[in-house]
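As you go down the protein sequences, you meet chains Z and C in turn. 506 is the number that this note's numbering gives to position 506 of the first sequence; each next residue is one higher, with no gaps. 1126 is the number that this note's numbering gives to position 126 of the second sequence; each next residue is one higher, with no gaps.
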Amino acid sequence: MPAEQRPASPAAAGLALGATVKYNPHLWAPDELRAIFVVRTRELADLLARLRATADGQVAQHLLITGAGGMGRTTLLRRLALAVADDPDLAARWIAVTFPEEQYTVSTLAELWRNVLNALADAREREGASPAELKGLDAEIRRIGELPIEAREAAALTALTAWVAANGRRLLLLIDSTDLILANIAGAVAGAARAKRPRDPGRADGGATPLWRLRSTLSHDSGIFWLGTSSQALEAEHAYEDAFWDFFDRLELRPLQVAEMRVAMLALARTFGAGRGLTGAAGEREMARTLDQRPEWLRALRAITGGNPRTTVMLYELFAAGGADDVHSDLCRLLDSMTPRYQARMESLSDQARKLLAHLLEHWAPVSARTLGELAGVPTNTVSGQLVRLEAEGLIEKAPLKASKKAGYQAAERLFNVWYLMRYPSRRVRRRLDWLVEFLRLWYGGDAMPALARPRAGPQADEAYREIIARVGADAQRIADDGAGSTSHGAEQLGHAPLLLQAHLWLGNRDLARQALDRLAQAAAAGNAEAFARIREQVSECHAIGLGPALRDLMNASAWADLLQPFALALDAAAAADPAEALAGTPAELRAVAEEVLANSFEF
Amino acid sequence: MPIRLGNKAEGADFFDRETEREALWRHLEGNHVVVSGPRRLGKTSVLQRLAEEAPERGLLGRLVDLEGLDTPAAFIRAMDGAFPDATVSGHARGAAGAMGGWLSRLRKIDVKLPGGMGGGIELQGPPDADWAADAARLQQRLAAAPVLLLLDEVSVFLEKALARDPADTVRLLAWLRAWRQQSGLVCRFIFSGSIGLNALLDRHGLVTYFNDCFDLGLGPFTEPAALQMLAAECAREGWTAAEETLRHLCARVGWLSPFYLNLLMDSAMAAARDRRQETGAPEQRVQQSDIDDGFDRLLAVRSRFIHWYRRLQRDLDPADLTLALRVLAAVAKPDDGLTRRQILARLAKLEPDPDRRAARLDAVMIVLEEDGYLSPAGDRIRFPSFILREYWRRNHAR
């Protein structure tokens, strides 16, 4: 739909913005892009400063924007193009030339430069160039296409140089997936023998002659500034002797922080709507209200998305609905909609890589390469190589192991991990689903729990999810049904403290976890037997999912540290190679209690 | 102006190298020269500067970029295009005085031929090749002209051309050598190559085709030059930095390649901007902590480094891989690298036979030097990239 026919805000038109448009930045109208673009402002400012500082006649410092999928590379390029057009001084010196995200047809330099000519003509058309000028450009493109193949590259480049000289404006080439284009150009060179590297014939030749010709052009022609994107540094695939080794400067897009995600969510609400058809300032206010009511949701969102902007956009709808009773259906629907993408992600991997990734996903918490190898039955040195590859592809990331200075690995996109655990839960994995129970409690809060207790019917309902909801519902029902009596009174007194303790520990919300622990300890100190049972339960569960040391530290720092000392000692002993040895030297009375906790709480 | 990282440095971006330039001009009076050194050292920038200085010395200098060429015919065309007739004769008319100075400084080039023959040789007829006629015309035009032919990225060109047609490429090299050894020669050649030029020549048995040239290895900046460059770049960006801060940066870089100095400076400035934004500090002053933050930021980008390890795993046999990893781990630990003797001592357990150990080390060093992992610096072998050294030290040198 042409931009001028698109409503200023789809939400204002009463239409929900379809996923296709929302998840495709190149379909956003300029005003939408300006409104939504709120978190990469520093990077945009940096790029604009570089353009201003590149003097006329000076060869530019070419640059690649790098980052994993969904980090906003394409959006930043598009926003930069708008910013250049919006600035009269920059627009007088530069013309931003944009391309479709993947230029699948480019496999030679001749095709590349012809594509640039085509894109230049498009850019001039958007600027309102005269029909005569556009006709001239089109004629030149046609003429070049009719030349002998070997003459087209030089002719296209000459045409571009001539345009720059005649118009006094330089070409800002905003080229997405630069790494793929270079690989295509290199791969298309027939008989490109690598005299030095006969053992890797399958790898694209980063030293292919056309790439050196391109490098020569970019090194000497001041009329072209190549500002592209790449999923990773070119040096990840190119060798030291290759053309573009350490040639491009890099701007790495890092994951969003919580504060940035909040800014993004408010901008999305303002532009695409929130709540029940609220748009503009009202939508933003509604979103702010939702976020302020449950600040832990943003932290959970950050943990799940890994700070990935694309996934953030996908999940913002849940917040936009404001926590209504069909939100959990939306979550399931969202995960269902992710299935083709996530499934393709799994299927694109080699058997061994997929196996390792599956074990890592089942583990949820960070896991060392060694442990992963043991779980998968794969030698450690093989595991390491596969993990390096998975990390380079952005599927996993390094994260500190619990209670250790060493680093392990976890899924980079936690939502992907959620999807996997919900789709492929083995009996062994069901125990891991405890974390999901706590997450749902956290996500939806106590008010929504009775609603969650309603079984979710439907042919697409996932078996494991029904079990989870049933468990959550059963707990909610139990708490709701418990009447007078020490147990029910105790349970009411405790509220959701046991579950919130674990969930907040997992999320790293130390203060909130401490509040939950203090509530339990206070109740226990007052003689609440249920509280003691819940503390013991949490000791066991936290230890099982790797949160034992965190809980121990919290207990030792608590105002109720004396009361909690046996539990802390038990956690220490449980983590030791020899629990009995670990308790040696402890005063007898304490030791006895700690041993009882050990015996009743942990499986050895 | 952004700090230059990938492209050649020109104008105000070019710093120092005075000693090297003086040495080159001195050697050119009696020699043709090969300028060698690892990548990202600034060889192209030095050549460009010489081209700019050439007129005051009576020469017409042109930088000819050989990257992207892969045939002798293309080579000839590129040289022809860089020195059009009109330009050469125009220079001769306009630079008579300076030319006279150059001619008076010229010394007859000593020619060392196989078999101990000496003395100049007459112009040899070009070989039987499709580019022969063009080559002959070019040589006739330029041989007696005061031109400085600065041929950049020779090793890239040679590798491509040799892969395509070894015999034709050797004919080109032979013709070039004969040209250089022509009597009464006024023009001069400078060849620049980084990517394993010497190893490439050795591998193809072509060392004799360049052994008439003086080999000038380009090294890192001196500390005064590095400090001058860094201070100027700071000022240009509107920032200040105390000299001790810049010295700290130099210390962290170690081997003062302008590329790595600029890389750390760029990262440190980004860290300084973030600090200023977070703390609201009024002055734009780069601090030592910014240097350290910038260093850590460079190391935090794992995708920049993972492939160094993976490449070795991919390209080396298991035995060579073990040796290479042992060498790299050893050299990574001290800041200023190790001598060859020290490295050999650390390999004794892996390879007890001393002769075999030395041979294996030499073989693996070819790969490690050519691929940019290590570089000789005087009598020591070290990582030219401080970032790579630090990455290796933290991840693979335990």
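Even for Gly, the Cβ is constructed at its ideal location relative to N, Cα and C.
Should C/Phe-1386 go down as buried or exposed, given a rule of 16 or more other Cβ atoms within 10 Å for buried?
If you number the second sequence from 1, residue 1386 of chain C lands on position 386. Flag for C/Phe-1386 reads buried.
On the DSSP bridge assignment, give the partners of Z/Glu-397 in chain order.
What you label residue 397 of chain Z is simply residue 397 of the first sequence in a count that begins at 1. Answer is Z/Gln-410.
Please report the distance separating the alpha-carbon of Z/Phe-567 from that of Z/Leu-357.
Walking along the first sequence from the start, residue 567 of chain Z turns up at place 567. Walking along the first sequence from the start, residue 357 of chain Z turns up at place 357. Approximately 35 Å between the Cα atoms of the pair.
Short of 8 Å in beta carbon distance, which residues of its chain neighbour C/Leu-1368, apart from the five on each side in sequence? Order them along the chain.
Residue numbering aside, residue 1368 of chain C sits at position 368 when the second sequence is read from its first letter. Closer than 8 Å at the Cβ level, and outside the excluded window around C/Leu-1368, lie Ala-1324, Val-1327, Leu-1328 and Leu-1374.
Can you pull the chain C residues whose beta carbon is under 7 Å from the beta carbon of Z/Thr-209, in chain order?
For the purposes of this step, residue 209 of chain Z is identified with residue 209 of the first sequence, where counting begins at 1. Here the neighbours are Gly-1068, Asp-1070 and Lys-1160.
Of all the CB atoms in chain C, is at least one closer than 8 Å to the CB of Z/Val-258?
Start at 1 with the first residue of the first sequence, and residue 258 of chain Z comes out as number 258. For Z/Val-258, the answer is no, since every Cβ of chain C falls outside 8 Å of its Cβ.
Just the C-alpha distance for Z/Ala-233 and Z/Arg-250, rounded to the nearest angstrom, thanks.
One-based indexing of the first sequence puts residue 233 of chain Z at position 233. One-based indexing of the first sequence puts residue 250 of chain Z at position 250. Going from the Cα of Z/Ala-233 to the Cα of Z/Arg-250 covers about 8 Å.
What did DSSP end up calling Z/Gly-223 once you bin it into helix, strand or coil?
As a first step, residue 223 of chain Z must be located in the first sequence, where it is residue number 223. Looking at Z/Gly-223 - three-state DSSP - the assignment turns out to be coil, as it is neither helix nor strand.
Of all Cβ atoms in chain C, is any one closer than 8 Å to the Cβ of Z/Asp-246?
Here residue 246 of chain Z refers to the residue found at position 246 when the first sequence is read from its first residue. Yes - at least one Cβ of chain C is within 8 Å of the one on Z/Asp-246.
Can you check whether the CB of Z/Ala-544 is closer than 8 Å to the CB of Z/Ala-516?
Here residue 516 of chain Z is taken as the residue at index 516 of the first sequence, counted from 1. Here residue 544 of chain Z is taken as the residue at index 544 of the first sequence, counted from 1. No, the Cβ-Cβ distance between Z/Ala-516 and Z/Ala-544 is not below 8 Å.
Could you give the residue range of the alpha helix (DSSP H) that holds C/Val-1364?
Residue mapping note: residue 1364 of chain C aligns to position 364 of the second sequence, counting from 1. Looking at the DSSP string, the run of the alpha helix (DSSP H) that includes C/Val-1364 is 1354–1370.
Thinking C/Ala-1009 and C/Gly-1061 are a contact (beta carbons under 8 Å), I'd like their distance in whole angstroms, please.
Taking the first residue of the second sequence as position 1, residue 1009 of chain C is located at position 9. Taking the first residue of the second sequence as position 1, residue 1061 of chain C is located at position 61. So it is not a contact: roughly 17 Å between Cβ atoms.
Along the chain, where does the beta strand (DSSP E) containing Z/Glu-252 start, and where does it finish?
Walking along the first sequence from the start, residue 252 of chain Z turns up at place 252. Its beta strand (DSSP E) spans residues 249–252.
Roughly how far, in whole angstroms, is the beta-carbon of Z/Ala-60 from the beta-carbon of Z/Phe-225, given that I think they are within contact range, below 8 Å?
The sequence position of residue 60 of chain Z within the first sequence is 60, counting from 1. The sequence position of residue 225 of chain Z within the first sequence is 225, counting from 1. Yes, they are in contact, since the Cβ atoms of Z/Ala-60 and Z/Phe-225 sit about 4 Å apart, within 8 Å.
When we look at the beta-carbon of C/Pro-1084 and count the other beta-carbons within 10 Å, is it buried (16 or more) or exposed?
Locating residue 1084 of chain C in the second sequence gives position 84, where the first residue counts as 1. Label assigned to C/Pro-1084: exposed.
C/Met-1269 and C/Val-1253 - do their beta-carbons sit closer together than 8 Å?
For the purposes of this step, residue 1253 of chain C is identified with residue 253 of the second sequence, where counting begins at 1. For the purposes of this step, residue 1269 of chain C is identified with residue 269 of the second sequence, where counting begins at 1. In this structure, C/Met-1269 does not lie closer than 8 Å to C/Val-1253 by Cβ.
Which of the three DSSP states, helix, strand or coil, is assigned to Z/Ile-545?
Taking the first sequence and counting its residues from 1, the one referred to as residue 545 of chain Z is at position 545. Coil, per DSSP.
Counting only Cβ-Cβ distances shorter than 9 Å, please list the residues of the region 566–583 of chain Z near chain C, keeping chain order.
none
Measuring only between beta-carbons, confirm whether Z/Ser-350 sits less than 8 Å from chain C.
As a first step, residue 350 of chain Z is located in the first sequence; it is residue number 350 there, counting from the start. Judged by the 8 Å Cβ criterion, Z/Ser-350 is not in contact with chain C.
Within 8 Å (strictly less), CB to CB, does Z/Ser-216 reach chain C?
The sequence position of residue 216 of chain Z within the first sequence is 216, counting from 1. Yes - at least one Cβ of chain C is within 8 Å of the one on Z/Ser-216.
Cβ-based burial, C/Arg-1389 [other Cβ within 10 Å; buried from 16]:
Taking the first residue of the second sequence as 1, we reach residue 1389 of chain C at position 389. It is buried - the Cβ of C/Arg-1389 has at least 16 other Cβ atoms within 10 Å.
Output, in chain order, the set of chain C residues within a Cβ distance shorter than 8 Å of Z/Gly-385.
Residue numbering aside, residue 385 of chain Z sits at position 385 when the first sequence is read from its first letter. By Cβ distance, chain C contributes Arg-1310 and Gln-1313.
Indicate whether C/Phe-1157 and C/Phe-1075 have their beta-carbon atoms separated by less than 8 Å.
Residue numbering aside, residue 1157 of chain C sits at position 157 when the second sequence is read from its first letter. Residue numbering aside, residue 1075 of chain C sits at position 75 when the second sequence is read from its first letter. Yes, these two residues count as a Cβ contact at 8 Å.
Would you mind reading off the limits of the alpha helix (DSSP H) that contains Z/Trp-163?
Position 163 of the first sequence, counting from 1, holds the residue named residue 163 of chain Z. Here the alpha helix (DSSP H) through Z/Trp-163 covers 149–167.
The beta strand (DSSP E) with C/Gly-1294 in it runs from where to where?
Numbered from its first residue, the second sequence carries residue 1294 of chain C at position 294. Unbroken run through C/Gly-1294 is the alpha helix (DSSP H), 1288–1300; no beta strand (DSSP E).
For chain Z, find out if any of its Cβ atoms is closer than 8 Å to the Cβ of C/Ile-1190; answer yes or no.
Taking the first residue of the second sequence as position 1, residue 1190 of chain C is located at position 190. Not an interface residue.
Inspect the CB distances between the region 109–122 of chain Z and the region 137–157 of chain Z and report whether three or more fall short of 8 Å.
yes
C/Pro-1376 (DSSP reduced to helix, strand or coil):
Position 376 of the second sequence, counted from the first residue, corresponds to residue 1376 of chain C. In the structure shown, C/Pro-1376 sits in a strand (DSSP, three-state: E or B).
For C/Arg-1203, name the three-state secondary structure that DSSP assigns.
The count along the second sequence starts at 1 and reaches residue 1203 of chain C at position 203. Helix.
Coil, strand or helix - C/Arg-1040 by DSSP:
Indexing the second sequence from 1 puts residue 1040 of chain C at position 40. Residue state, collapsed to three classes: coil.
Does the region 554–573 of chain Z touch the region 585–599 of chain Z, meaning 3 or more C-beta pairs lie closer than 8 Å?
yes
Nearest neighbour of C/Glu-1052, chosen from C/Arg-1021, C/Leu-1066, C/Arg-1026 and C/His-1027 [CA to CA]
The count along the second sequence starts at 1 and reaches residue 1052 of chain C at position 52. Of the listed residues, the one whose Cα sits closest to C/Glu-1052 is C/Arg-1021.
Quick check: is the beta carbon of C/Ile-1387 nearer than 8 Å to any beta carbon in chain Z?
As a working note, residue 1387 of chain C is residue 387 in the second sequence. C/Ile-1387 does not count as touching chain Z.
Out of curiosity, what's the CA-to-CA distance linking C/Leu-1142 and C/Asp-1215?
Counting from 1 along the second sequence, the entry for residue 1142 of chain C is found at position 142. Counting from 1 along the second sequence, the entry for residue 1215 of chain C is found at position 215. Those two C-alpha atoms are separated by around 23 Å.
Please decide whether Z/Trp-212 counts as near chain C, where near means a Cβ-Cβ distance under 8 Å.
As a working mapping, residue 212 of chain Z is identified with position 212 in the first sequence. Chain C, which has a Cβ nearer than 8 Å to the Cβ of Z/Trp-212, makes this yes.
C-beta neighbour in chain C for Z/Val-388, strict 8 Å
Stepping through the first sequence from its first residue, residue 388 of chain Z is reached at position 388. True, the Cβ-Cβ gap to chain C drops below 8 Å.
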